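A.B. asks: Taken in order, these protein sequences are the chains called A and B. According to the numbering used here, the first sequence holds residues 107 to 482 in order. According to the numbering used here, the second sequence holds residues 637 to 1083 in order. Here a beta-carbon is modelled for each residue, glycine too, at the ideal position from N, C-alpha and C. Given the structure is predicted, the values throughout are model-derived calculations rather than measurements. Handing you this structure, nothing more for now.
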Amino acid sequence: MSEETSTVTKDFIIESSPQIRSAMTTSGIMWRVSIALLPAAIWGIAVFGFRSLAVLIFSIAAASAAEWLMGKLLNRRTLIDGSAVLTGLLIGFNMPPSVPLYIPVIASIFAIVVVKWSFGGLGANWMNPALAGRVFVFFSWTSGMNSWKLPQALSSMPDALSSATPLGTYKNGMLDYAGPHTGTADFLQDAGYVVSQTAQNLAGVFQNTLGITLQPLNIDLFLGNTAGCIGEVSALMLLIGAGYLFAKKILTWQTPVSYLGSFILLTWVFGGLPYGNGLFSGEIWFNVFSGGLMLGVFFMATDMVTSPVTGKGMLIYGTGAGFLTFLLRTYGSLPEGVSLAIILMNIFVPLIDRYIRPAVFGKKDIPKAAAKGKGK
Amino acid sequence: MVKTRTFPKGGIHPHGRKTLSNTAAVVRLPFPKTAVVPMSQHLGAPAAVCVAKGDSVEAGQIIGTGESFISADIHAPVSGTVKDIISIVLPNSVRTQAVVIETETTFDESVLENKYRREQNDSDPVARLSSQELISIVKKAGVVGMGGAAFPSHVKFQVPKGKKADYLVINGVECEPYLTSDHRMMLEHTDEIIDGIRAVQKMINAPQVIIGIEKNKMDAVEKMEKAIADRGLTYIVQPLKVKYPQGDEKQLLKAVIKREVPSGGLPIEIGAVVSNVGSIFAVYEAVYTGKPLIDRIVTVTGDAVRRPGNFLAAVGTSIRQLVEAAGGFTEAPAKIVAGGPMMGFSFFDLDSPVTKGTSGILALTDKNLDHSPMTACISCGKCVAVCPMGLQPTKLFRLIDNGNFDEALKLNLMDCKECGCCAYTCPAKIPLVHGFKYGKKMARKKS
Ligand code: SF4
Ligand code: SF4
């Protein structure tokens, strides 16, 4: 190509500024969140067996099929944006491993068709579809949603009796509690709840090498050696995924930090009362790592569509979710409060976004120093 | 050295890509055979053509007069004959008259050099002349802001009655990715810039001078600091963290003097005048040599350009000639941009002329562009987080999309400066800035 002719070209793209754009895309976000959930998914399958994989596959397939069908009906191609797969995956995460397979399918279809598309599809729904799907089937097929399975590490223990979740066992027991226990671990042990060999060994290692005393129960909770929903049991795996999303700048800190912060604060202040331990003695570890809190904090409450758009708004929303989770867990009739707490806060999001606005540049009072320079 | 600063709210970190051209010394481009000189190269009213077809003009002679309060004179960049007066459309979609000058064969750089020479034994013009005299020199030289908006400088340097300038802030930020013309200017004309600053400082009577430079140009920071120290001056060089849009007046002032220009207001309302280093150099030339603004440094860069570099080009030179001087294209560019990638304009006519405001020509390849499809807004809030003006782009766009311009105005649409942080960041690839430009136009129409 001679330099003379090398400037002869055609068909330049003409568009409004900016002329370049960041690499982040809607589908990129959705797929990355799904990737971030993989460690927890693999853990769930590993500890609860291949049955859990079937649950995940059925939820994802149902969600995708529903999305494809809605797209077909409304002439929009939205399956590639990855949001339906993510919704399906999250619904699977919120299912007990031994759930009858039609339940996740119904939950997924409900989430996509009713919660998402009846409002206009991606971006238009005001409620987190996965959570709404879960809550819907929870109240409609309560027994199917309440059949738990012990993870391998526990079912192999000689005196394993209870296959309820730690939080559920705890909650049932606390309904008419008047016992002599000093804390949850103590209480659960009496209720027949066992801890894994791994956790006992690890607790020993920590004790001997570092001089730190850890409850084996808490180690199980953190690692994910407990009964529970497929994707929620391992705090460690969920934290790894969350770390990845922070690094990719997909997660912002406001919602998770305020959610966890308010929940931990309330738990610490009031959580010890049932044992007669007084204020400021709540067991943070047990409450934070049991049940669906980790999954809720990092992957449900942070759903972009159904959380506020401003940083300040996210702080209010997260704080509210933490408060409600604490209330529902402590005083509600169900063991779990995370899903309902987040859905309740979802309702407030339009209101939060309406009233919480960033400070507009140059609309504040002129600072004194500047006012001085202005006059004269 | 002074502690690094930046503006607190919003902003983004796009790839700088400045290394493509930041080590290339400025090269003087041969004068064009015909120069096409637009009458609207600045913000405000276009200049009125004051030559006729067939006239012979001399380089530096006024060929268009800026009569209105906000306007600027236009000078012939070359000596030659007026061949025609035509109507053209500039890359920023402005339709304007343009004077076409056929350059006479005997014209070359030495003509300019002889005409505009700094007299060695001249007494210091800044000391000799009054501030009003200096401002009228700037006006006569047709100097405008060379960072992008091309606001007439003499208007800016005329501090209104009742106002006072505490600070002269020199904008050496060059926050747009790719562009390096200001950087080269600071390295190659450090002393001239200092002289120019002295002149402007006198015009606005500001006790303090602060020069803001981003940290990706530490060599310029050091060079400026040394030149200032050598002359025993008290100007402060303020290194800034790299963040777009720090080169915007409002963000720059917030970063260096921590004052906020009130909404809808001008920097002088908080006691500051901001001037870009390119304009300061133009002031230097006008005051010390009498040369009007008839050429400028243009960065020609981008992945599709063979030898990215910085060129001193006469106003009216075709962009095609610039690109050829940079070795032409290595591949057919997907997009050509006049200015920086964040606020520049994509255009198609390579025969468009260089104007006083042309800071760069960018040829982007297909790989530089994003082709992901637009989706619905996912309320991620990223646009809100990056908006340096504290606006809510997602909400504004929805309002404009629904034709609700009044509500958009209430949510401060007019404070949007189209910096593009929101649209750059938006994962849904919503053309937010496009929407805001349209919304402003419609809102203006209605009122
Ligand atoms: S273009 Fe306007 S709305 Fe978008 S970030 Fe810049 S100032 Fe804010
Ligand atoms: S960045 Fe785009 S997708 Fe996110 S809230 Fe703003 S407009 Fe919506």
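Against chain A, does Glu1054(B) count as a neighbour if the rule is that its beta carbon must be under 8 Å from one of theirs?
C.D. replies: yes
A.B. asks: Does the Cβ-Cβ distance between Val909(B) and Val762(B) come in under 8 Å?
C.D. replies: no
A.B. asks: Between Pro456(A) and chain B, is there a C-beta pair that is closer than 8 Å?
C.D. replies: no
A.B. asks: Do Val1022(B) and Thr416(A) have their C-beta atoms closer together than 8 Å?
C.D. replies: no
A.B. asks: Name the chain B residues whose beta carbon is nearer than 8 Å to that of Ala297(A)?
C.D. replies: Neighbours of Ala297(A) across chain B, judged by C-beta separation under 8 Å, do not exist; the nearest C-beta is about 43 Å away.
A.B. asks: Would a C-beta distance cut-off of 8 Å place Gly832(B) and Ile916(B) closer than the cut-off?
C.D. replies: A contact, by the Cβ cut-off of 8 Å.
A.B. asks: Check whether the segment 448-462 of chain A touches the segment 885-894 of chain B, taking contact to mean three or more Cβ pairs, one atom from each stretch, closer than 8 Å.
C.D. replies: Flag = no, the segment 448-462 of chain A and the segment 885-894 of chain B do not touch.
A.B. asks: Would you give the residue range spanned by the beta strand (DSSP E) that Leu998(B) belongs to?
C.D. replies: Gly996 to Leu1000
A.B. asks: In the DSSP assignment, find the unbroken alpha helix (DSSP H) run with Ser364(A) in it and report its ends.
C.D. replies: Gln360 to Phe376
A.B. asks: Extract the residue ranges of the alpha helix (DSSP H) inside the segment 812-868 of chain B, only unbroken runs of 4 or more that lie entirely within it.
C.D. replies: 817-824, 826-840 and 854-866
A.B. asks: Is Val415(A) near ligand 2 - that is, is its Cβ less than 7 Å away from at least one heavy atom of it?
C.D. replies: For Val415(A), the shortest separation between its Cβ and any heavy atom of ligand 2 lies below 7 Å.
A.B. asks: When the distance is taken between beta carbons, is Ile318(A) closer than 8 Å to Arg138(A)?
C.D. replies: no
A.B. asks: Which same chain residues, not among the five before or five after Gly479(A), have their C-beta less than 7 Å away from its C-beta?
C.D. replies: Low per-residue confidence applies at Gly479(A): pLDDT is 41, beneath 50, and the placement is therefore not dependable enough to give any value.
A.B. asks: Can you list, in chain order, the residues of the segment 883-903 of chain B whose Cβ is nearer than 9 Å to any Cβ on chain A?
C.D. replies: Listed by position, the residues of the segment 883-903 of chain B near chain A (Cβ gap below 9 Å) are Lys886, Gln887, Lys890, Ile893, Lys894, Arg895, Glu896, Val897, Pro898, Ser899, Gly900 and Gly901.
A.B. asks: May I ask you to report which of helix, strand or coil DSSP gives Pro1063(B)?
C.D. replies: coil
A.B. asks: Report the residues of the segment 832-850 of chain B with a CB closer than 9 Å to any CB of chain A, ordered along the chain.
C.D. replies: Within the segment 832-850 of chain B, no residue has its Cβ closer than 9 Å to any Cβ of chain A.
A.B. asks: Mapping the DSSP letters down to three states, classify Gln882(B) as helix, strand or coil.
C.D. replies: coil
A.B. asks: So with Cβ pairs under 8 Å, would you call Val415(A) a contact of chain B?
C.D. replies: yes
A.B. asks: With a threshold of 8 Å, are at least 3 pairs of Cβ atoms found where one atom belongs to the segment 964-976 of chain B and the other to the segment 1053-1070 of chain B?
C.D. replies: no
A.B. asks: How about Met1025(B): is its Cβ closer than 7 Å to a heavy atom in ligand 1?
C.D. replies: Answer for Met1025(B): yes, Cβ within range of ligand 1.
A.B. asks: Hey, would you say Ala684(B) sits closer than 8 Å to Glu703(B), going by beta carbons?
C.D. replies: yes
A.B. asks: Using only CA atoms, which one of Ala688(B), Ile1014(B) and Thr935(B) lies nearest to Phe980(B)?
C.D. replies: With the sequence shown as reference, residue 980(B) is identified as Gly, and Phe is not the correct amino acid for it. Measuring from the Cα of Gly980(B), the nearest candidate turns out to be Thr935(B).
A.B. asks: For ligand 4, is there a heavy atom less than 7 Å away from the beta-carbon of Leu1035(B)?
C.D. replies: You won't find ligand 4 in this model; what it holds is ligand 1 and ligand 2.
A.B. asks: Work out the CA separation of Thr1011(B) and Ile1066(B) for me, nearest whole Å.
C.D. replies: 7 Å
A.B. asks: Could you tell me whether the segment 176-189 of chain A touches the segment 204-212 of chain A, where touching means 3 or more Cβ pairs closer than 8 Å?
C.D. replies: no
A.B. asks: For Thr701(B), which of helix, strand or coil comes out of DSSP?
C.D. replies: strand
A.B. asks: At the level of alpha carbons, what is the spacing between Thr1030(B) and Arg664(B)?
C.D. replies: 45 Å
A.B. asks: Does the separation of the CB atoms of Ala695(B) and Pro668(B) fall below 8 Å?
C.D. replies: no
A.B. asks: Strictly below 7 Å CB to CB, what residues from chain A border Asn1048(B)?
C.D. replies: What Asn1048(B) touches in chain A: Val466.
A.B. asks: Straight-line CA distance for Leu726(B) to Phe965(B)?
C.D. replies: Rounded to whole angstroms, Leu726(B) to Phe965(B) spans 22 Å at the Cα level.
A.B. asks: Which value, in whole angstroms, describes the spacing of the CA atoms of Val300(A) and Lys255(A)?
C.D. replies: 14 Å
A.B. asks: Got a sec, what are the start and stop residues for the alpha helix (DSSP H) Phe1033(B) sits in?
C.D. replies: Pro1029 to Asp1037
A.B. asks: Of the choices Ser899(B), Val836(B) and Lys1018(B), whose alpha-carbon is the least far from that of Val795(B)?
C.D. replies: It is Val836(B) whose Cα lies nearest to the Cα of Val795(B).
A.B. asks: Taking all protein chains shown into account, do 16 or more other C-beta atoms lie within 10 angstroms of the C-beta of Ser224(A), making it buried, or fewer, making it exposed?
C.D. replies: exposed
A.B. asks: Give a yes or no on whether the minimum CB-CB distance between Ala660(B) and chain A is below 8 Å.
C.D. replies: no
A.B. asks: Since Val878(B) and Glu850(B) are thought to touch, with beta carbons under 8 Å apart, how far apart are those beta carbons, to the nearest angstrom?
C.D. replies: 5 Å
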